[in-house]
Structure formats: structure tokens, C-alpha cells
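What the sequence shown shows, in numbering that gives the first Met the number 0, is residues 0 to 90, in sequence order. C-beta atoms are modelled at their ideal positions from N, C-alpha and C, and glycine is treated no differently. Only a predicted model underlies this, so the values are computations on that prediction, with no experimental measurement involved.
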Amino acid sequence: MRHSLVQRSLIALVLVLAMAVWFSASTVVPALASQWHLSAGAAAWLIASVQAGFVLGAVVSCSAWPNSWHPKFARTSGTICCMRFRCTYWS
């Protein structure tokens, strides 16, 4: 019984720490909105896209799909996606 309590406590701690990252977008959006000259709608889309990214990442990482990829393919495709996003939106 004690072992189960320790496991549940660790899972709860990890969830709280993960949620802190999840909600950090809400914290920094006012500063980003003023620096990037975002409208209220664009700021809302930014928050929603960060949270949707967390949900999508959780769903993909929990599925068997990533386990069927070769690690080099996953790393390379992730790098290409990040570079493409960077070149498209921050050029």
C-alpha cells in the first residue's frame, strides 16, 4: 500500500509540474502581445495553439505511432518541421 501511495504522489507532482508549463503561455502572452504588436484575437490564438500543441503531443506520444519510427527518422523529421516553421514565420 505504501508503494502505491508513493507512486501516486510522484505522478501528482509530475502532473503539477507539467501543467505549470502548459499554463505558462497565459502568463507570457501580455508581454509577447506588446512586443509583437498582437491583437487580442491573435493573443488568444497563440494561447490556444500552445495548449493544442501540448494535447497533440500527448496524444501522439501515448500512441504506438512513435514507437514504430526509427529514431533517426523521428529526429530528422522533427528538425525539418522546426526549420520549416522557423523559416516561414520568423524570417
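Taking 8 Å as the upper bound for CB-CB distance, Leu45 and Leu37 are in contact here, some 7 Å apart. Listed in chain order, the beta strand (DSSP E) runs fully inside the region 47-87 amount to none, counting runs of at least 3 residues. Closest in C-alpha terms to Ser25, from the list Arg83, Ala17, Ala47, Leu12, comes Ala47. At the C-beta level, Ala32 and Ala42 come within 8 Å of one another.
Annotation for Leu37: no alpha helix (DSSP H) segment contains it, and DSSP assigns it neither H nor E.
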